[in-house]
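**Q** Numbering (the working numbering), first residue to last: 1 to 254. Just so it is clear, CB atoms sit at the ideal spot from N, CA and C, and this is done for glycine as well. Note that the structure is a prediction, hence the values are computed from the model and not measured.
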């Protein structure tokens with residue numbers, strides 16, 4: 001069964017990234033602290049992401065990043081909760097490699113098919129490569145794919161409905177993620193309805209902006225929530241997980 005509440009484990013800057021502080025042990029320790037806090041609060045899924053590595057590579061991160069994420073994901077996955085991997089900005093093949101090595105349950109792919117215009121340039125999805133690599137090295141790993149991913153602009157003429165249908169029918173997505181325009185920004189609920197209609201039967205996840213006030217209502221419209229900013233200290237995305245906020249979120253969702 002796919003998790004209903006996925007809590008974000010935002011990694012600090014990893015080796016090789018501009019803000020790395022040359023203490024990888026501290027990065028893993030902070031990730032484990034956040035992961036344990038989320039599990040103790042009642043989150044039934046976790047997602048590990050190299051959030052601290054900005055500015056991001058478009059779709060092929062350095063090998064040092066994959067190695068570091070493998071170590072961090074392995075530590076988090078050892079808690080026994082379904083764990084996902086997102087290698088920013090869009091290294092889906094790298095995420096699959098990490099998942100295969102660590103036993104992670106799913107990956108998130110920002111651009112699985114089509115193209116999106118981003119601050120990393122134009123990113124082109126590699127659905128065919130992802131599907132073939134998954135079949136070879138990690139057939140049990142689910143692919144959560146964003147539609148009209150945040151911090152990006154779709155090409156002229158492409159509609160949300162068409163993009164969602166393509167993800168579900170042609171691109172190998174196991175779940176579709178719908179987000180607001182940016183990290184921590186609320187999703188347009190009409191977008192949830194349109195994606196649900198365009199991809200009947202697809203698990204739909206809200207990928208940004210869910211908070212204490214909206215959690216219950218959103219869960220009536222989708223399969224699950226991916227939560228980060230709302231459960232952080234001071235509501236700051238890069239801050240540690242706030243145990244009280246996380247518990248309150250789970251209570252609100254129920």
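Just to confirm my understanding: we take residue 82, look at its own chain, exclude 5 residues before and 5 after, and list those with CB closer than 6 Å. What are they?
**A** The residue labelled residue 82 in the question sits at position 82 within the chain shown. 3, 45, 105, listed in sequence order.
**Q** Are any of the Cβ atoms in chain C nearer than 8 Å to that of residue 62?
**A** Any reference to chain C falls outside this structure, which holds one protein chain only.
**Q** Please identify the residue among 91, 108, 198 whose C-alpha is closest to the C-alpha of residue 84.
**A** As a first step, residue 84 must be located in the chain shown, where it is residue number 84. Ranking 91, 108, 198 by Cα distance to residue 84 puts 108 first.
**Q** Who are residue 117's beta bridge partners in DSSP?
**A** Here residue 117 refers to the residue found at position 117 of the chain shown. The partner list for residue 117 (beta bridge, DSSP) reads 122, 153.
**Q** Which residues mark the beginning and the end of the beta strand (DSSP E) in which residue 226 is found?
**A** Residue mapping note: residue 226 aligns to position 226 of the chain shown, counting from 1. 224 to 227 is the extent of the beta strand (DSSP E) around residue 226.
**Q** For residue 232, write down the residues that DSSP places opposite it in a beta bridge.
**A** For this step, residue 232 is matched to residue 232 along the chain shown. 241, per the DSSP bridge assignment.
**Q** Exposed or buried, what is residue 49 when buried is set at 16 or more other beta-carbons lying within 10 Å of its beta-carbon?
**A** As a first step, residue 49 must be located in the chain shown, where it is residue number 49. Its Cβ being crowded by 16 or more others within 10 Å, residue 49 is buried.
**Q** Less than 8 Å separating the beta-carbons of residue 179 and residue 223?
**A** As a first step, residue 179 is located in the chain shown; it is residue number 179 there, counting from the start. As a first step, residue 223 is located in the chain shown; it is residue number 223 there, counting from the start. Taking 8 Å as the Cβ cut-off, residue 179 and residue 223 do not qualify as a contacting pair.
**Q** Leaving out five residues before and five after residue 74 in sequence, what residues of the same chain have Cβ atoms less than 7 Å from its Cβ?
**A** As a position in the chain shown, residue 74 is number 74, starting the count at 1. Around residue 74: 102.
**Q** If you follow the beta strand (DSSP E) that residue 43 is in, where does it begin and where does it stop?
**A** Start at 1 with the first residue of the chain shown, and residue 43 comes out as number 43. Note, residue 43: premise wrong, no beta strand (DSSP E); not H, not E.
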